[in-house]
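For reference, the structure discussed in these notes is given below.
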Amino acid sequence: MNGYVDANPVDGNDAPMTEADFQGIAEAGFQSVRIPTTWVKHCAKEAPYTIDADFFQKMDWTIEQCLKNNLAVSIDQHYYPAINMGEDDPDLTWEQNLDRIKSLWTQIAEHYKDYPNDMLFFDLLNEPNMRLGADGLNKLHAELIAIIRRTNPGRTLIIGTPNLGQTWTLGELKFPENEWNIIVQGHYYLPHTFTHQNLEYVPSAMVGHQVEWHGTENEKAPIIRDLDFCQRWSEQSSRPLNIGEYGVCLKADQQSMNRYFSFMQEQFQLRGFSSHIWAYRGLFGLYDLQTKKWNQESIQALTNF
3 MNGYVDANPV
13 DGNDAPMTEA
23 DFQGIAEAGF
33 QSVRIPTTWV
43 KHCAKEAPYT
53 IDADFFQKMD
63 WTIEQCLKNN
73 LAVSIDQHYY
83 PAINMGEDDP
93 DLTWEQNLDR
103 IKSLWTQIAE
113 HYKDYPNDML
123 FFDLLNEPNM
133 RLGADGLNKL
143 HAELIAIIRR
153 TNPGRTLIIG
163 TPNLGQTWTL
173 GELKFPENEW
183 NIIVQGHYYL
193 PHTFTHQNLE
203 YVPSAMVGHQ
213 VEWHGTENEK
223 APIIRDLDFC
233 QRWSEQSSRP
243 LNIGEYGVCL
253 KADQQSMNRY
263 FSFMQEQFQL
273 RGFSSHIWAY
283 RGLFGLYDLQ
293 TKKWNQESIQ
303 ALTNF
């Protein structure tokens, strides 16, 4: 559910949502939503980094709409420029930013401690970048988990992988002892030259022409290899896996998107992975804000594979 509370001017720019949006998501066949949330845009820059009350009210309404429509919901720390995007913060040191994200999760955990454990999930940090590193991420995860467990002992937590949430870094994760109520999340957008074709913010995918995906054996093979690796890791680690993001930008042709979506969903289901498609609207959107209509071909490909 992008472009709503993630403060991304390129993709949605926090366009409002209505009750009809949530109802429509459920009616389209989806069972859960991931809400990318940029909490750091809605809190104080001085300790204790208090979250704005009006933003909590907005998030409360959002979560209630999900629950009203029987949609499980995860909320995350999506864009935190100083921690997961490698940007310098002129106001706070690195350590102060780490203190702030801990304070944010302390407040969020306290605020939502009475919400149903089987319907609300906490996604600790979206796509941690290389500056944090595997060791830094494992340390931060352990600290955040300990904070959340004080008020939410039964809450299922979602944790991402080092190096921008890539699936190939699964093996670098370490977990607190006896902590099993966790879903591990990886993001998968390969091949980039197809899924992100000609998007200006991805220079490596600026190929200058439309890239098709035909579902040939050669095209499928590297994806199958990657997902086989994920499945082995999940089974050997006894950790459930969620593909928290995958998708195709709207610069791709519809038939290629249909083939890709059907294949990916088939592979996820075969391996027992849960998944979240990116995205509801915007550059990768399944729903058109102007026409107020779903891309029915994409929906069919995602659900009738």
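For what it's worth, my numbering labels the leading residue of the sequence shown as 3, then goes sequentially.
Each residue gets a CB set at the ideal place from its N, CA and C atoms; glycine is no exception.
No experiment lies behind these values; they were computed from the predicted model shown.
By the 10 Å Cβ neighbour count, where 16 or more other Cβ atoms means buried, how is residue i classified, buried or exposed?
i, result
"A207", "buried"
"M61", "buried"
"V42", "buried"
"H189", "buried"
"S240", "exposed"
"D1", "Shown here, the chain extends from 3 to 307; a query on residue 1 therefore has no answer."
"T163", "buried"
"V209", "exposed"
"R102", "buried"
"I226", "exposed"
"Q1", "A question about residue 1 goes unanswered here, because the residues of the chain that appear run from 3 up to 307."
"T64", "buried"
"N260", "buried"
"N128", "buried"
"G173", "exposed"
"W182", "exposed"
Mapping DSSP to helix, strand and coil, what is residue i?
i, result
"D125", "strand"
"H113", "helix"
"A74", "strand"
"H194", "helix"
"C68", "helix"
"W182", "coil"
"H80", "coil"
"E48", "coil"
"R157", "coil"
"V12", "coil"
"R102", "helix"
"W107", "helix"
"G135", "helix"
"G284", "helix"
"Q187", "strand"
Output the boundary residues of the alpha helix (DSSP H) element that contains residue i.
i, result
"D230", "219 to 239"
"S258", "256 to 273"
"G26", "21 to 29"
"H211", "Where H211 is concerned, there is no enclosing alpha helix (DSSP H), given that its DSSP letter is neither H nor E."
"E89", "Taken as a continuous stretch (DSSP letters only), E89 belongs to no alpha helix (DSSP H), as it is neither H nor E."
"K294", "No alpha helix (DSSP H) contains K294, which DSSP labels as neither H nor E."
"G167", "164 to 167"
"T305", "298 to 305"
Can you find the residues in the same chain that come closer than 6 Å, C-beta to C-beta, to residue i, ignoring five residues on each side of it along the sequence?
i, result
"N244", "I185, Q187, S276"
"I77", "I37, T39"
"T195", "A207, V209, V213"
"I279", "G249"
Looking at the unbroken beta strand (DSSP E) that takes in residue i, where does it start and where does it end?
i, result
"H278", "276 to 279"
"G173", "G173 -> no beta strand (DSSP E), and no H or E assigned at all."
"S206", "Neither: S206 is in no beta strand (DSSP E) and is coded neither H nor E."
"G246", "243 to 248"
"R36", "34 to 37"
Can you list, in chain order, the residues of its chain with a C-beta nearer than 7 Å to that of residue i? Leave out the 5 residues immediately preceding and following it.
i, result
"D13", "N4, G5, G284, L285"
"M132", "N165"
"Q233", "R273"
"I53", "W41, H44, C45, L106, Q109"
"K222", "F265"
"L304", "F263, Q267, I279"
Got a sec? Which residues, its chain only, sit under 8 Å from residue i by beta carbon, not counting five neighbours each side?
i, result
"A74", "Q33, S34, V35, C68, D120, M121, L122, F123"
"P83", "V42, E89, D91"
"P224", "L192, P193"
"A148", "P178"
Using a C-beta cutoff of 8 Å, does residue i count as contacting chain D?
i, result
"G210", "Included in the structure is just one protein chain, with no chain D present."
Between the segment 119 to 133 and the segment 148 to 166, do at least 3 Cβ pairs fall closer than 8 Å? yes
Assess contact between the segment 6 to 18 and the segment 29 to 38, defined as three or more Cβ pairs (one per stretch) separated by less than 8 Å. Is contact present? yes
Could you tell me whether the segment 105 to 115 touches the segment 46 to 66, where touching means 3 or more Cβ pairs closer than 8 Å? yes
Hey, is the segment 198 to 205 in contact with the segment 264 to 271, meaning 3+ C-beta pairs nearer than 8 Å? no
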